[in-house]
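Worksheet for the structure shown next.
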Amino acid sequence: MLPSESETLFKIMDSMSSDQSWRVSSPDPCKPGSSWPGIECRLGLDNHFHVSRLDFGTIPFELGNLKNLVVLDLSYNALTGVVPTSIGQLGVLQKLDLSSNSLMGHIPDSIEKLSSLAFIALSNNKLNGNLPTGLSKLQNLQYFIMDDNPMNIPLPVEFGKLVKLQELRLANSGYLGTIPTSFSLLSNLTTLSLQNNRLIGEIPVGFGSLSHIYHLNLSRNLLGGIVPFNTSFLKRLGRNLDLSGNPGLCLSPNEAYNVKIGVGVSVCGTSKNGSLIKKSQASHGFSKPFFIFSGLMFLGLNYIIFLV
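For the sequence shown, counting from 1, position 270 maps to 312 in my numbering; every step adds exactly one.
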């Protein structure tokens, strides 16, 4: 291992533990049989071992010196503070998992330099503020998981430029405004979770053309209008589609008739000019004609009893 990488690891261990004997007892962290925790090493083309996976500790600024790091997993570590800008120096990083900590502040703009990044998980932290403007440069990104953070911003349109994205999870984070139509361009998307935010407007029509999607959750928002999905789309997703908790949404009568599995919204009514509108339903789901018919039946039975 190169001396610069060893020194970086010693500094990380010093920040984690008061035990100062690491330099003496385990001077070579990558040596087979080493007692160093959470480290995996790989032999590089330069015939030196380099740290390829790190799964422990805090996030010191010196972390950026581990240029050969491929996996950085610091999830469930009760970490505080911010994500250091030096993380942008990890040029070959493919997986970044900082979920389930207490990290604050915003994601540093330097993350746009991680061109090899395929997986990023930041869920269950205290991150906020705008996402990096260069987010769209992460063209190898396949998984972006960032639920449960107090973001309170509009959904970034830049997500629509991440053409390899397969999973996008942004639930329970206070996102507001409309769903960008650019999300319809994510042709490889299999999972989209936007539930429990403050989203308004209509569901983008292009969502119905997402041929690979199998899990779509838009529940508990303020969306409205007619659900733009045809029968084939609704049947394909089945119970993996959740639109409940959006009082302004409704499903066209034709689609509602053809699809037996509920998606959490009521059926649209028809206005005088023939256009579809959302109609209010009785508490038990019975329509007005049902009650008229029931009333006539009741009067008819009374008349027959009177004659008898």
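We put the beta carbon where it would ideally sit given N, CA and C, even for glycine.
Residue i, enclosing alpha helix (DSSP H) - first and last residue
{"i": "A298", "result": "295-300"}
{"i": "Q275", "result": "A small correction: the amino acid at residue 275 is Phe; Gln does not occupy that position in the sequence shown. It spans 273-279 - the alpha helix (DSSP H) in which F275 sits, taken as one unbroken run."}
Helix, strand or coil at residue i according to DSSP, with G and I counted as helix
{"i": "L177", "result": "helix"}
{"i": "G8", "result": "Any answer about residue 8 is impossible in this case: the structure gives the chain only from 43 up to 350."}
{"i": "F328", "result": "Confidence at F328 is low in this model, with a pLDDT of 35, below 50, so its placement is unreliable and no value can be given for it."}
{"i": "V93", "result": "strand"}
{"i": "E47", "result": "helix"}
{"i": "V309", "result": "strand"}
{"i": "S251", "result": "helix"}
{"i": "I153", "result": "helix"}
{"i": "E244", "result": "coil"}
{"i": "G267", "result": "strand"}
{"i": "L105", "result": "helix"}
{"i": "I81", "result": "strand"}
{"i": "G287", "result": "coil"}
{"i": "G147", "result": "strand"}
Residue i, enclosing beta strand (DSSP E) - first and last residue
{"i": "S229", "result": "No beta strand (DSSP E) holds S229; DSSP gives it neither H nor E."}
{"i": "V113", "result": "113-115"}
{"i": "H257", "result": "257-259"}
{"i": "K137", "result": "137-139"}
{"i": "Y185", "result": "185-187"}
{"i": "L163", "result": "What sits at residue 163 in the sequence shown is Ala, not Leu. Where A163 is concerned, the enclosing beta strand (DSSP E) stretches over 161-163."}
{"i": "L218", "result": "218-220"}
For residue j and residue i, believed in contact at Cβ under 8 Å, the rounded distance
{"i": "G250", "j": "L265", "result": "Actually they are not in contact, since the Cβ atoms of G250 and L265 sit about 15 Å apart, beyond 8 Å."}
{"i": "F103", "j": "S144", "result": "Their Cβ separation, rounded to whole angstroms, is 18 Å, which puts F103 and S144 out of contact at 8 Å."}
{"i": "D142", "j": "S117", "result": "Here the sequence assigns Ser to residue 142, which means Asp is not the residue at that position. Yes, they are in contact, since the Cβ atoms of S142 and S117 sit about 5 Å apart, within 8 Å."}
{"i": "Y217", "j": "P196", "result": "7 Å"}
Residues that residue i bridges to, as DSSP identifies them
{"i": "S235", "result": "R211, N259"}
{"i": "D88", "result": "Answer is none; D88 lacks a bridge partner."}
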